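**Q**
Protein chains: 2
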Amino acid sequence: MKLKIIKIGGNVINNKEALSSFLSDFSKIKGHKILVHGGGKRASEMIRDLGMKPKMINGRRVTDEATLEIVTMVYAGLLNKNITAELQKNNCNAIGLSGADANTILAHKRIVKDIDYGFAGDVDQVNPEAIKILIENGITPVFCAITHDKKGQLLNTNADTIAAELAKGMSADFDVEMIYCFEKPGVLADVDDDATLIENIDFVMLSFLKKENIISEGMLPKIDNCFNALQHGVKKVIIGKPELISDKNIKYTTLIL
Amino acid sequence: MKLKIIKIGGNVINNKEALSSFLSDFSKIKGHKILVHGGGKRASEMIRDLGMKPKMINGRRVTDEATLEIVTMVYAGLLNKNITAELQKNNCNAIGLSGADANTILAHKRIVKDIDYGFAGDVDQVNPEAIKILIENGITPVFCAITHDKKGQLLNTNADTIAAELAKGMSADFDVEMIYCFEKPGVLADVDDDATLIENIDFVMLSFLKKENIISEGMLPKIDNCFNALQHGVKKVIIGKPELISDKNIKYTTLIL
Chain L
28 MKLKIIKIGG
38 NVINNKEALS
48 SFLSDFSKIK
58 GHKILVHGGG
68 KRASEMIRDL
78 GMKPKMINGR
88 RVTDEATLEI
98 VTMVYAGLLN
108 KNITAELQKN
118 NCNAIGLSGA
128 DANTILAHKR
138 IVKDIDYGFA
148 GDVDQVNPEA
158 IKILIENGIT
168 PVFCAITHDK
178 KGQLLNTNAD
188 TIAAELAKGM
198 SADFDVEMIY
208 CFEKPGVLAD
218 VDDDATLIEN
228 IDFVMLSFLK
238 KENIISEGML
248 PKIDNCFNAL
258 QHGVKKVIIG
268 KPELISDKNI
278 KYTTLIL
Chain V
28 MKLKIIKIGG
38 NVINNKEALS
48 SFLSDFSKIK
58 GHKILVHGGG
68 KRASEMIRDL
78 GMKPKMINGR
88 RVTDEATLEI
98 VTMVYAGLLN
108 KNITAELQKN
118 NCNAIGLSGA
128 DANTILAHKR
138 IVKDIDYGFA
148 GDVDQVNPEA
158 IKILIENGIT
168 PVFCAITHDK
178 KGQLLNTNAD
188 TIAAELAKGM
198 SADFDVEMIY
208 CFEKPGVLAD
218 VDDDATLIEN
228 IDFVMLSFLK
238 KENIISEGML
248 PKIDNCFNAL
258 QHGVKKVIIG
268 KPELISDKNI
278 KYTTLIL
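Each protein sequence line maps, in turn, to chains L and V. The opening residue of the first sequence carries number 28 in this note's numbering; numbering runs sequentially from there. The opening residue of the second sequence carries number 28 in this note's numbering; numbering runs sequentially from there.
(1) For the structure I just gave you, are there three or more beta carbon pairs, one from the segment 94-107 of chain L and one from the segment 175-194 of chain L, closer than 8 Å?
(2) With DSSP collapsed to three states, give me the class of Leu46 (chain V).
(3) Give, in chain order, every residue of the segment 107-130 of chain L whose Cβ lies closer than 8 Å to some Cβ of chain V.
(4) Using the three-state DSSP reduction, which class does Glu239 (chain L) fall into: helix, strand or coil?
(5) How about Leu181 (chain V): is its C-beta nearer than 8 Å to some C-beta of chain L?
(6) For Met197 (chain L), which option in L:Met246, L:Tyr102, L:Leu257, L:Ala45 has the closest C-alpha, if you only look at C-alpha atoms?
(7) Which of the residues in the segment 67-79 of chain L, read from start to end, lie with their CB under 7 Å from any CB of chain V?
(8) So, are the CB atoms of Asn154 (chain V) and Thr131 (chain V) less than 8 Å apart?
(9) Looking only at its own chain, which residues have a Cβ that is under 8 Å from the Cβ of Met83 (chain L), when we skip the five neighbours before and after it?
(10) Going by beta-carbon coordinates alone, are Gly37 (chain V) and Lys68 (chain V) separated by less than 8 Å?
(11) So, Lys249 (chain L) versus Asp187 (chain L), is the Cβ gap smaller than 8 Å?
(12) When the Cα atoms are used, what is the spatial distance from Lys268 (chain L) to Gly126 (chain V)?
(13) When you compare the CB positions of Val39 (chain V) and Leu30 (chain V), do they come within less than 8 Å of one another, or not?
(14) Could you check if Ile138 (chain L) is buried or exposed, using at least 16 other CB atoms within 10 Å of its CB as the buried criterion?
(15) What three-state label does DSSP hand Asn227 (chain L) in the structure shown?
(16) Please classify Ala199 (chain L) as buried or exposed, where buried requires at least 16 other C-beta atoms within 10 Å of its C-beta.
(17) Taking the alpha helix (DSSP H) that Gly196 (chain L) belongs to, which residues open and close that run?
(18) One question on the structure: do Val261 (chain L) and Ala194 (chain L) come within less than 8 Å of each other, judged by their Cβ atoms?
(19) Please list, in chain order, all residues of the same chain as Leu247 (chain V) whose beta carbon is under 8 Å from its beta carbon, the five residues on each side excluded.
(20) Quick one: does Gly196 (chain V) have its CB under 8 Å from some CB of chain A?
(21) Which same chain residues end up closer than 6 Å to Pro81 (chain V) when comparing Cβ atoms and leaving out the 5 residues on each side of it in sequence?
(22) Is the shortest distance between the beta-carbon of Met100 (chain V) and the beta-carbons of chain L less than 8 Å?
(23) Would Gly104 (chain L) and Gly66 (chain V) be called neighbours here (beta carbons separated by less than 8 Å)?
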């Protein structure tokens with residue numbers, strides 16, 4: 028059985044019309060599917076509205092206790108439930124989940140080395156049983172980027188990682204295709220020129236691109252994540268703009284082993 | 028098959044130790060169960076922290092758009108996910124839900140008569156299918172007091188009502204017992220004297236208590252709600268302190284038809 032796992036990030040979340048249009052397209056996808064959403068800028072806005080300052084190191088959020096409360100509210104509450112309600116409007120029987128729900132995603136608080144990221148969670152394990160039950164009953168899981176440690180602690184987890192771990196975790200039972208949506212049409216040779224899209228990347232191509240320093244620094248961990256997923260049973264990974272899920276003419280990058 | 032639906036309110040939610048102790052007791056209940064939780068004072072605190080003023084009329088919250096965002100964050104995010112994570116710690120396989128999730132609870136925006144309560148939701152229908160699937164697979168639903176209208180709109184709904192509607196909705200498939208936990212040991216003849224607990228109330232007793240104005244004004248709608256549930260297939264309703272779920276020696280009020 029096929030399963031599509033689609034990840035959307037800040038660029039879609041931050042734009043009400045883009046999100047609405049994406050969710051309408053997502054609803055029309057036939058077959059089993061899972062949506063994973065990032066947080067967008069609402070969490071940082073809420074942190075500022077409450078008189079605090081968002082703290083980021085190397086592009087990752089430092090999650091102290093107050094920040095964890097806010098991201099839990101914004102990701103698992105505000106965004107997750109509004110996305111779920113909008114999918115329901117589109118007749119997609121969505122269920123909004125965090126990793127704590129039905130113990131679907133277990134993580135541990137990131138070990139402090141040079142930097143203390145606070146309540147950041149690194150994923151240990153995806154438990155596919157409950158997810159499988161939902162999917163097989165026509166219910167579409169919608170994951171926010173919150174996990175737990177099964178000791179009562181919620182943890183803030185990178186949404187890209189959640190998508191990749193879910194893809195790996197579900198690949199024993201399904202033929203998983205993972206689709207990463209972001210603001211670019213895919214992996215670009217020149218990050219400022221959409222015309223330089225690299226449509227297919229295999230392992231040989233990846234080595235070449237790395238050796239020649241062609242892939243941008245921000246893209247490298249994403250791609251490594253994707254190849255890791257492919258090496259752990261995921262059948263196919265696609266990277267591109269959100270429109271690719273409905274528009275057959277749009278180009279994107281396909282990663283293959 | 029038996030199903031216990033337990034509702035906790037502000038007095039438990041507001042006290043971290045009381046909540047923790049309750050969730051430990053709840054985890055130990057054998058058989059099928061559902062938890063419904065109210066909001067406590069965190070939503071009002073958050074409204075104030077964001078520079079707004081909580082608005083209440085006749086003890087019910089007036090939910091404008093900004094307030095809806097906040098209650099969605101606090102109820103469906105902060106409270107619901109922390110309760111779920113704590114239940115998971117206690118080896119209860121909880122799943123946190125709003126009425127939008129798997130379209131479990133459909134509501135409509137309250138019709139404006141004298142008072143405009145804004146995005147307050149009155150329940151139209153509980154859809155038991157998804158809830159049944161979860162329960163029968165050993166997963167324990169934990170409902171917050173947020174519903175939706177299937178047109179993309181989330182709605183703020185009274186938690187007592189959600190518990191009663193769930194109880195009615197599940198009673199076609201289960202022998203439902205509904206347990207309302209609050210700060211008093213049950214229905215009291217004198218609201219200031221716990222010794223005046225009325226242990227059993229049937230329809231005849233209810234008429235008498237109403238005629239003699241013995242039941243307090245705040246309690247009356249709760250009891251009417253409960254009898255309505257009993258008349259719609261719910262087997263038993265219990266009202267009392269949260270400790271009643273574990274302590275066999277504690278007294279409470281039982282409502283029977």
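Backbone N, C-alpha and C define an ideal beta-carbon position, used for all residues, glycine too. Small disclaimer: the values here were computed from a predicted structure and weren't measured.
**A** Reading off the structure:
(1) yes
(2) helix
(3) Asn107, Lys108, Asn109, Thr111, Ala112, Glu113, Gln115, Lys116, Asn120, Ala121, Ile122, Gly123, Leu124, Ser125, Ala127, Asp128, Ala129, Asn130
(4) Coil, per DSSP.
(5) yes
(6) L:Leu257
(7) Asp76, Leu77
(8) Yes, they are a contact pair.
(9) Within the same chain, Cβ atoms closer than 8 Å to the Cβ of Met83 (chain L) are found at Val89, the five residues on either side in sequence being excluded.
(10) yes
(11) The answer is yes: Cβ separation under 8 Å.
(12) 31 Å
(13) no
(14) exposed
(15) strand
(16) It counts as exposed.
(17) 186-197
(18) yes
(19) Lys237
(20) No chain A is part of this structure, whose protein chains are labelled L and V.
(21) Within the same chain, Pro81 (chain V) has close Cβ partners Ser71, Ile74.
(22) yes
(23) no
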